[in-house]
Structure formats: C-alpha cells, structure tokens
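Just below is one structure, and these are the notes that go with it.
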Amino acid sequence: MMNMKIVTHLILVLTMSMVSFALSNNYHTTSNSNTSHSNSNSNTVRYLPGFPGVLPFNLQTGYVSIYTGVWEEQMQLFYYFIKSENNPKTDPLLVWFAGGPGCSSFTDLVFGHIGPLSFNISSQWEDGLPRLESNPYSWTKVANVLFPDSPVGAGYSYAINKSYIPSDTNTVKQAYEFLKKWLIEHPEFARNPMYITGASYAGKVIPSLVLEIMNGNEARSGPRMNLMGYIIGNPSTDNYFSKHAIEYAHRISILSDELYESAKSSCHGYYQPIVAEGNEQCKENLEAISNCMDPVEESFILESKCNVSTPDKWCRVYYRNRMSQPWANDINVQKALHVRVGTINKWFRCRGRRSDDIFEYNYEIESSVSYHQNLTTKPLRALIFSGDQDMLVPYMSTLTWIKKLNIASKDDYWRPWFFNGQVGGYVTEYSNGNYSLTFTTIKGAGHIAPEYKSQECLAMLQRWIAFSPL
Numbered sequence: 001m002m003n004m005k006i007v008t009h010l011i012l013v014l015t016m017s018m019v020s021f022a023l024s025n026n027y028h029t030t031s032n033s034n035t036s037h038s039n040s041n042s043n044t045v046r047y048l049p050g051f052p053g054v055l056p057f058n059l060q061t062g063y064v065s066i067y068t069g070v071w072e073e074q075m076q077l078f079y080y081f082i083k084s085e086n087n088p089k090t091d092p093l094l095v096w097f098a099g100g101p102g103c104s105s106f107t108d109l110v111f112g113h114i115g116p117l118s119f120n121i122s123s124q125w126e127d128g129l130p131r132l133e134s135n136p137y138s139w140t141k142v143a144n145v146l147f148p149d150s151p152v153g154a155g156y157s158y159a160i161n162k163s164y165i166p167s168d169t170n171t172v173k174q175a176y177e178f179l180k181k182w183l184i185e186h187p188e189f190a191r192n193p194m195y196i197t198g199a200s201y202a203g204k205v206i207p208s209l210v211l212e213i214m215n216g217n218e219a220r221s222g223p224r225m226n227l228m229g230y231i232i233g234n235p236s237t238d239n240y241f242s243k244h245a246i247e248y249a250h251r252i253s254i255l256s257d258e259l260y261e262s263a264k265s266s267c268h269g270y271y272q273p274i275v276a277e278g279n280e281q282c283k284e285n286l287e288a289i290s291n292c293m294d295p296v297e298e299s300f301i302l303e304s305k306c307n308v309s310t311p312d313k314w315c316r317v318y319y320r321n322r323m324s325q326p327w328a329n330d331i332n333v334q335k336a337l338h339v340r341v342g343t344i345n346k347w348f349r350c351r352g353r354r355s356d357d358i359f360e361y362n363y364e365i366e367s368s369v370s371y372h373q374n375l376t377t378k379p380l381r382a383l384i385f386s387g388d389q390d391m392l393v394p395y396m397s398t399l400t401w402i403k404k405l406n407i408a409s410k411d412d413y414w415r416p417w418f419f420n421g422q423v424g425g426y427v428t429e430y431s432n433g434n435y436s437l438t439f440t441t442i443k444g445a446g447h448i449a450p451e452y453k454s455q456e457c458l459a460m461l462q463r464w465i466a467f468s469p470l
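This is the structure we're talking about:
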C-alpha cells in the first residue's frame, strides 16, 4: 500500500511538472506577439491580394525566434519559403539574402526575379493594390528558395528590444541560428544540397556566414548542414569602390583617356575626396570625373537617371517603392502572409532610405576578402556573377578580389557562354582541387542581374547547380 502511495505521488508530481512546463512554454510563445503561433512555425499561403486565383506554387511564411541571451532581447526573423516547382525532395535549397543592408528579401523575390511572382506594371490596380503575375523564369523552377528578412528590422522581421542595433556580425550570428532552427523545423530539407545566396551588400556577410556554417559543421554544433557552396551576384566586398568605378567608367567611354590618365597621375590611384585635400590638380580632376559620372544611373548605365521623388519618366527605383509599399503595408496582404499584428509600424522595402525611416546599422566588415580566402581551404563551390552594365559594383572590382584568392584559373581563361544561340556572358573558372569558383558576367545586365536578364540568369543557375559548364 505504501509503495502504491509513493508511485501515485510521483505520478502526480510528474504530471504537474509537465503541465507547468507546457503552460510556461505557451506563455513564451504567445507573449509579445499577438498570436497563438509557436515561435518557429510556417504557414502555407494559398492566396495573395493582387494575384488572380490560387498560387500555382507552394509558398510558406513564418517566424524563427533568435535569442541573444535573455527573453527581453528576443528577435523574430520572418521568412518566405517557396518549394521547388521541379522536385523539392532532391533539388537544392537556396537561402537568399537581400542587400541594403536592411532590404526585405521581398525585393529580390519579386523585383529581382528570383521568386515566382512579379508586379504587372502595365495593369490597372484593383482595390488600391497593384496586380501580381507569375514569373516564368523564377529560380524556384530548379530549386527550393528560402528568403529570410535579414537582418532583424528588415521587412517583417522585428526585435522585441527596440534599442537593438543591427550589424554585420549580428546579421551573421542571427542567420546561422535561423538556419539551424529552420532545418530542425523542416527536417525534410536537411539533406538537400544547400547554397547560401544573395546579391549586393549580402556579399559582405555571406562569406562570413558560410565560414560560420563550415566551422559549426566541423565542431558538430547543432544540426549538420549539407552546405555545398555559395552564390553571390554583383557582391559588395570592401568599402573602396571609387577606384574600380572610375576605371570602369573609363573603360566604357564615360571618361576620356586624357581625364582618366590625368586623375590617375595626380591622385596616385586614390580617388577619395578626402585624399585630394591639399592636392588641387587631383581635386579638379575628381570634380570633372563627377560631372561625367553623376548623371549616369550607376546601377544600370543603359537606363536613364531620374528624380526618384518626382520622376518625369519611368524610374526603376520609384516603381519598386510605388508598387511594393502599398501592397506590403495592406492589412489583407499581411493577414494572407500570416504577419503578426502590431509587430512593425510600417513596412519599408529597404530601411533607412527615407527621411521618415531611421535605421541604424553598424558596418563592421570592412572587407570580406579574407573570408573568401579562408573558404578556399574548404570543399566548396562558389558562383560569382556580375551584370556587366553595373557601375555601382563593377565586374572589374569583383575580378580584382578573386585574383587575390590565389587559385588557378582553368585552361579557358575568359570565354563566352551561350544562351539561345547568343552570348549570355563571359566566364572564367578557378580551382585548387578542393575549392572551385566560377565567375561570369551577365551580358547587358545591371546591379541585380536577374532583374534585367532573368532567362539568362536562370539558365546560368540551372547549368551550374547541375555541374554542367556554362
């Protein structure tokens, strides 16, 4: 009898402990969020305002909780996940990080033509919202693509601690924890080949994140990620773009030979205005260079430059904001995307670009070249592509740091690759036997190359992930 009482008491204690744990866990998942969803969850989205009918692809959205030590400093990273339209069980998993820093991944999902949706700029708006249409050249044709709104503060991601300030190193740490938790929540994709991908400013943080993942795999910290490599378009690498921008401007005839040579001689290869102080000849040359370069749209030199606030002609940046801001801030859109009510004041496509949006960010990675150099010792593949009409991050700048990696180029050093019988770009391949890197230009493309040459970029991706030559 005594033994039975003891057993009964132990069962009661255990039951109460489990109930207490469940209630405590429920509190943490519901507090500060206005939702009953768990901290790490995904929701299927079947309909979106502006798109006619059921979405013809599998879209999931959700949040992943990122902790920095205590509950009050919790971060919530929002994401869009789109399954491959080919074979999601075996196709690669691409994790796409937008640039900025502070741009929502929705920017590249829709405007960068990485995802299966785009805005129809010629159609009439309905119910105050622009129309969406299918993108036939989405990267989801051949891969699963995960789009986190990173760093915290971008898009629908938010921090409970409002004093939080994002930075390069915080972005990397958050992204790594995000991926570990997301894969635990989605174990069916744990064995898919993974590639960390992105464009523009993401070129600063992706190499560091890839190294973090590789080190974590080697240390067996958390779930092992089946990381195969990384893909970056027109990557920002260091803080000194002016030299290569001026060299590029000279190469494409924006600057005359005389002006370029005079500036090169008088400025001794340093084209920062602060360096020109006390050097009148250099200062005059830089002013003349600015007069030639400033009127040109630096992200795509073939396009007219316009006044973003009041454009008198079609303007790409104005169109991006005009279409995305009303759509993403619409209450019905946020409801369809399962955005948590009251967690953000206003959605911005890219943070800190407007006077009514303060976005503080600590730029800590001065150069990501050293991270690339460390990665050359790992069994990885890298694809670096560059729109050749981009003066913001010229292809020459990218080639310069690639040559610093000290990896040998293959026999065909610089050759064209073809799409539909026409030149799609020019490619160079490098390898040290362990690490391989493919660099290619995208002929006629600007800063986010798939936005301008979506067919060619999809063909590039499809061949590369299949280990086929471009």
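Each residue of the sequence shown is one higher than the one before, counting from 1 in the working numbering. Positions of the beta carbon are idealized from the N, C-alpha and C atoms, including for glycine. In this text, all values refer to a predicted model and were calculated from it rather than measured experimentally.
Beta carbon of residue i nearer than 8 angstroms to that of residue j
i      : j      : result
Ala154 : Gly102 : yes
Asn144 : His113 : no
Asn43  : His338 : yes
Glu425 : Trp414 : The sequence as given places Gly at residue 425; Glu does not occur at that position. In this structure, Trp414 does not lie closer than 8 angstroms to Gly425 by Cβ.
Tyr176 : Ile213 : yes
Leu470 : Trp464 : yes
Asn192 : Asn226 : yes
Thr140 : Ile66  : no
Leu132 : Gly50  : yes
Ser157 : Asp149 : yes
Met255 : Cys282 : A small fix is needed here, since residue 255 is Leu in this sequence, not Met. Their beta carbons are not under 8 angstroms apart, which means Leu255 does not touch Cys282 by this criterion.
His372 : Leu405 : yes
Ile252 : Ile289 : no
Thr440 : Ser409 : no
Val152 : Gln124 : no
Leu211 : Leu375 : yes
Straight-line gap, residue i to residue j (C-alpha atoms, nearest Å)
i      : j      : result
Val369 : Thr237 : 7 angstroms
Trp401 : Gln389 : 19 angstroms
Pro273 : Ser367 : 21 angstroms
Met396 : Gly128 : 43 angstroms
Thr197 : Glu456 : 17 angstroms
Met460 : Asn234 : 15 angstroms
Thr377 : Asn434 : 7 angstroms
Arg322 : Gly352 : 16 angstroms
Glu258 : Pro394 : 21 angstroms
Met228 : Glu287 : 46 angstroms
Ala190 : Lys403 : 34 angstroms
Cys350 : Arg224 : 32 angstroms
Ser324 : Ser208 : 30 angstroms
Tyr80  : Leu392 : 28 angstroms
Asn161 : Glu126 : 37 angstroms
Pro187 : Lys89  : 11 angstroms
Trp314 : Glu185 : 43 angstroms
For residue i, the first and last residue of its enclosing beta strand (DSSP E)
i      : result
Phe178 : Run containing Phe178: none in the beta strand (DSSP E); it sits in the alpha helix (DSSP H), 168-185.
Gln76  : 75-82
Thr61  : 59-66
Glu429 : 422-431
Asn144 : 144-148
Trp401 : Segment 395-403 is the alpha helix (DSSP H) holding Trp401; no beta strand (DSSP E) there.
Leu437 : 436-442
Glu133 : 132-134
Pro52  : From DSSP, Pro52 is part of no beta strand (DSSP E); its letter is neither H nor E.
Close-in-space but distant-in-sequence residues of the same chain around residue i (CB under 8 angstroms, 5 per side omitted)
i      : result
Glu481 : Residue 481 is absent from the structure shown; the chain starts at 1 and stops at 470.
Asp330 : Pro49, Gly128, Leu129
Ser483 : What the structure shows of the chain is the stretch from 1 to 470, and residue 483 is not part of that stretch, so it cannot be assessed.
Tyr430 : Ile402, Leu405, Ile407, Ala408, Ser409, Lys410, Ser436, Leu437, Thr438, Phe439
Segment limits, alpha helix (DSSP H) that includes residue i
i      : result
Ile465 : 454-465
Ser266 : 257-267
Ser386 : No alpha helix (DSSP H) holds Ser386; the beta strand (DSSP E) holding it covers 381-387.
Asn291 : 280-293
Tyr319 : 316-329
Met214 : 202-219
Tyr195 : That residue, Tyr195, is in no alpha helix (DSSP H); its beta strand (DSSP E) goes 194-199.
Val369 : 369-375
Contacting residues, own chain, Cβ-Cβ under 6 angstroms from residue i (five flanking each side not counted)
i      : result
Tyr63  : Gln76, Phe78
Ser262 : Asn285
Glu303 : Glu297
Leu383 : Ile231, Thr438, Trp464
Tyr452 : Ala445, Gly446
Pro99  : It is worth fixing the name first, because residue 99 is Gly in this sequence and not Pro. Correct list, in chain order: Ala199, Ser200, Tyr201, Ala202.
Phe97  : Ser150, Gly198, Ala202
Trp347 : Ala328, Asn329
Phe419 : Glu456, Ala459
Leu380 : Gly229, Tyr435
Spatial neighbours of residue i in its chain, beta-carbon cut-off 7 angstroms, leaving aside the 5 residues before and after
i      : result
Pro295 : Lys305
- Message: I want to know whether the region 324-337 touches the region 191-210 - three or more CB-CB distances under 8 angstroms.
- Response: As far as the Cβ criterion goes, the region 324-337 does not touch the region 191-210, which means the pair count is below three.
- Query: Would the region 344-360 and the region 441-458 be scored as touching if the rule is three or more Cβ pairs under 8 angstroms?
  - Reply: These segments do not touch.
- Message: Taking contact to mean 3 or more Cβ pairs, one atom from each stretch, closer than 8 angstroms, check whether the region 107-121 and the region 180-189 are in contact.
- Response: When Cβ pairs closer than 8 angstroms are counted between the two stretches, the region 107-121 is seen not to touch the region 180-189, the count staying below three.
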